[in-house]
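See below for the structure under consideration.
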Amino acid sequence: MQRLIDLLKTPTQNGDVCKLITIAVGFAASAAADFLALGDYAIAYPDARIYYHGTRRSDDNLTLEKISTLEVELREMNERFALRLALRMFRRMVMLMITAQSESDDHDPSMLVHAAVTNANEFFQRLKKNISPDQQQLINDALERQQKISQLMGLAAQSLEGEPPPSMLQIEKDLLKKIIDFEIPTDEKTDSVSQLHLDAIQDDFIQLRDFISGAYRDNVEELVSQRGHAFLSPPEFQEYEKIDSSDEDARRRFVLDKAGPKLDPLFYLVVSICRCLQKGEHPLLATDAYWLGLVDEVIGSELPSLRTIDELSSTPTA
């Protein structure tokens, strides 16, 4: 799948990159489901089925040493795919939120993005009602995971404090101690550290480390840099407009400072959904994939899409 995407997205000699449109007409599972969602514009036919599960590998002659290595590789691959899916899903989720906001409220159209993001949790509760009953637990698990990550991020912020700034090794050591105390509180009635405790500690550490300094943080900053001014409140936008337009660095720093904290909970939630898709088995209807931000459009449905919105806005009136 990755090789195909790399070939299709290879720039021409002029530096142009094609837009990749992916379409599910029947059964898209595993790598095909990822391929579908990673398209620049993804379409599903009404009867299509999109099937998600974690990364799988077959390996003969397994040894104890190989199992340990394989576990690390699978965890890293799941995290990598979760992040890639989240980047595509995030943009689609914001579009869905704006559409829902425009239908339910009378906000200034220029402020729909800000209004949508500030009502993210309310939107996800409504979203849960639109997906199949079998998949509603996916949203519950993601919301629970997002709340946990938000708590842990508060602990992580403490690890970043200090003058002079701590080294990455110091940050990680302090973060690991805080995660252990979080997952195994002193008042917990347990006689020993279980494998479940160790798995939770490892998952928390990997994800928090990436949120702080890895690809997660880089991509949130990229998203904010591209459209960050749309996530500002009216007073913040007025402040933004007062900054010299030629001072791009000052404008970017202002947007990151104001919009970043608003986007973090939403991005954590989208990443949490993607991580949940990598665990267990998730057979999705085309409409499930739409509401989860995995596709942009379900052909023949009345669900809003960028294509239909564009066609309606360009249709001449009588």
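Each residue of the sequence shown is one higher than the last, beginning at 14 in the working numbering. Think of the CB as a built atom: it goes at the ideal place given N, C-alpha and C, for glycine as much as any other residue. This one's a predicted model, so the numbers in the text were calculated from it and none came from an experiment.
With 16 as the cutoff for other CB atoms within 10 Å, does residue i come out buried or exposed?
| i | result |
| --- | --- |
| residue 255 | exposed |
| residue 196 | buried |
| residue 84 | exposed |
| residue 122 | At residue 122 the pLDDT is 48, less than 50, meaning the model places this residue with poor confidence and gives no usable figure here. |
| residue 206 | exposed |
| residue 268 | buried |
| residue 184 | buried |
| residue 251 | exposed |
| residue 317 | buried |
| residue 313 | exposed |
| residue 285 | buried |
| residue 167 | exposed |
| residue 14 | exposed |
| residue 52 | buried |
| residue 266 | exposed |
| residue 169 | buried |
| residue 30 | exposed |
| residue 276 | buried |
| residue 34 | exposed |
Please classify residue i: does DSSP put it in a helix, a strand, or coil?
| i | result |
| --- | --- |
| residue 219 | helix |
| residue 308 | coil |
| residue 144 | coil |
| residue 184 | helix |
| residue 61 | coil |
| residue 34 | strand |
| residue 1 | Only positions 14 to 331 of the chain appear in the structure, and residue 1 is not among them; the question remains open. |
| residue 256 | coil |
| residue 123 | Here residue 123 scores only 48 on pLDDT, less than 50, and its place in the model is too uncertain to base an answer on. |
Would residue i pass as a contact of residue j if the rule is Cβ separation under 9 Å?
| i | j | result |
| --- | --- | --- |
| residue 54 | residue 323 | no |
| residue 338 | residue 162 | The structure shown has nothing for residue 338, since the chain only spans 14 to 331. |
| residue 192 | residue 165 | yes |
| residue 57 | residue 283 | no |
| residue 307 | residue 104 | no |
| residue 63 | residue 245 | no |
| residue 94 | residue 68 | yes |
| residue 65 | residue 37 | no |
| residue 189 | residue 214 | yes |
| residue 304 | residue 49 | no |
| residue 320 | residue 219 | no |
| residue 234 | residue 293 | no |
I believe residue i touches residue j by the beta-carbon criterion, under 8 Å. Please report the beta-carbon distance rounded to the nearest angstrom.
| i | j | result |
| --- | --- | --- |
| residue 3 | residue 102 | Past the boundaries of the shown model lies residue 3; the chain is included only from 14 to 331, so the question cannot be answered. |
| residue 257 | residue 263 | 7 Å |
Complete runs of the beta strand (DSSP E) confined to the segment 260-300 [at least 3 residues]: Correct list: 294-298.
Every unbroken alpha helix (DSSP H) within the segment 144-175, with a cutoff of 4 residues, ordered by chain: Counting whole runs of 4 or more residues, the segment 144-175 contains the alpha helix (DSSP H) stretches 149-172.
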